[in-house]
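Residue numbers (the numbering used here): 16 to 418. Glycine included, every Cβ here is placed at the ideal spot set by N, Cα and C. If you're wondering where the values come from, they're calculated on a predicted model, not measured in any experiment.
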């Protein structure tokens with residue numbers, strides 16, 4: 016039996032891939048605990064899970080809805096990632112003290128997990144939930160890359176081991192990345208111990224009130240979602256999507272996810288289903304296309320099911336992920352801030368047209384994702400890390416003390 020501590024930020028898209036991995040590890044007889052924001056974690060990991068609470072930063076945990084581009088990137092690091100690491104560090108430290116994990120699994124953007132584990136001498140594995148980071152998005156911007164490196168050095172001096180110099184976002188013990196080569200392309204990986212396991216597709220809690228009988232089997236279903244983190248930014252886009260779906264109502268049926276209820280009071284035709292939340296994994300088995308913001312989880316879950324995409328990236332890694340999908344032939348891209356109903360309708364028609372090859376490309380990527388192993392492969396990698404760490408701790412072992 017091995018003890019694994021999962022350290023995660025308060026972001027649903029970063030927790031969901033690890034839910035199935037944690038379940039797989041428990042089924043193999045291991046113990047699992049979580050460190051993060053307790054209230055937000057409970058609804059995702061379940062009441063029976065062991066959760067160690069970590070504070071959120073006093074600064075903003077969400078960005079102004081219209082913030083994009085370099086300003087959004089700067090805000091993300093200065094106002095969220097760095098303060099989050101400093102706020103979480105005491106809770107992570109207490110969790111390691113109380114749970115005594117053999118391995119810490121640290122989300123790439125919950126840097127406190129890596130730095131505190133490093134300081135306490137506990138092996139840690141990076142959980143990478145986006146292919147954009149593996150593509151080295153700052154390679155063409157050396158000044159920005161140096162700026163981020165400086166922020167990480169400062170964090171290490173305050174909460175980690177100042178004697179270390181490795182990038183805490185890419186653990187030397189290994190990186191488990193929930194993506195695959197078919198999406199990532201030929202990008203060079205950060206180091207040789209990066210494991211591309213594909214999406215972690217596993218059952219998770221879902222709303223029980225979805226109106227399944229309202230789905231019309233005579234029309235192709237199209238899911239429109241901008242994820243939970245973009246609820247405030249998507250009002251105009253969702254309204255244009257509803258208009259596009261209304262115009263195509265004889266051929267397609269739309270399901271629009273509106274967690275911010277930005278469409279409340281708007282004229283929505285009765286056969287366009289607008290819901291604050293949906294059982295996404297269940298729906299992906301039944302839809303013919305997905306319109307989304309290019310969030311890595313939604314993209315990979317759609318492709319895993321062989322569903323082509325219309326991508327309207329907003330910020331962060333989304334433009335990179337969208338570019339990867341387009342390069343792989345599995346979708347088309349539109350401009351989030353400018354596309355209208357006519358343009359969005361044309362993009363939906365394009366990915367639904369068999370002659371365009373988008374469905375075939377999505378299905379090919381999905382097959383490669385399933386072959387990568389998902390939750391089982393991720394659990395294998397974590398067990399291997401734990402075994403190597405145990406070997407190094409054995410007195411007299413010739414490998415003791417090696418990296």
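I need the DSSP call for residue i, collapsed to helix, strand or coil.
i           : result
residue 47  : strand
residue 390 : helix
residue 68  : strand
residue 373 : helix
residue 141 : strand
residue 184 : coil
residue 170 : helix
residue 134 : helix
residue 275 : coil
residue 330 : coil
residue 240 : strand
residue 351 : coil
residue 344 : coil
residue 203 : coil
residue 21  : strand
residue 191 : strand
residue 209 : strand
residue 304 : strand
residue 230 : coil
How would you write the range of the alpha helix (DSSP H) that residue i sits in, first residue to last?
i           : result
residue 313 : 311-319
residue 42  : 27-42
residue 299 : 295-299
residue 260 : 250-262
residue 366 : 356-367
Ordered along the chain, which non-local residues of its own chain (more than five positions away) have a Cβ less than 8 Å from that of residue i?
i           : result
residue 419 : Outside the displayed range of the chain (16 to 418) lies residue 419, so it cannot be described from this structure.
residue 88  : 159, 330, 331
residue 358 : 349
Which residue marks the beginning of the beta strand (DSSP E) containing residue i, and which one marks its end?
i           : result
residue 269 : 267-272
residue 96  : Run containing residue 96: none; DSSP gives neither H nor E here.
residue 122 : 118-122
residue 153 : Element bounds for residue 153: n/a, residue is neither H nor E.
residue 290 : 288-290
Just to confirm my understanding: we take residue i, look at its own chain, exclude 5 residues before and 5 after, and list those with CB closer than 7 Å. What are they?
i           : result
residue 388 : 212, 213
residue 320 : 299, 300, 381
Is it buried or exposed, residue i, if we count other Cβ atoms within 10 angstroms and call 16 or more buried?
i           : result
residue 75  : Below a pLDDT of 50, predicted positions are generally treated as unreliable, and residue 75, at 49, falls in that range; no measurement from the model is reported.
residue 184 : buried
residue 210 : buried
residue 240 : buried
residue 93  : exposed
residue 128 : buried
residue 308 : buried
residue 277 : buried
residue 311 : buried
residue 316 : buried
residue 313 : buried
Please return the same chain residues whose Cβ sits closer than 6 Å to the Cβ of residue i, not counting the five positions on each side in sequence.
i           : result
residue 117 : 17, 18, 401
residue 362 : 325, 347, 349
With a Cβ-Cβ cutoff of 7 Å, do residue i and residue j count as a contact?
i           : j           : result
residue 253 : residue 224 : no
residue 191 : residue 48  : no
residue 67  : residue 86  : no
residue 176 : residue 133 : yes
residue 142 : residue 199 : no
residue 304 : residue 282 : no
residue 23  : residue 125 : yes
residue 306 : residue 267 : no
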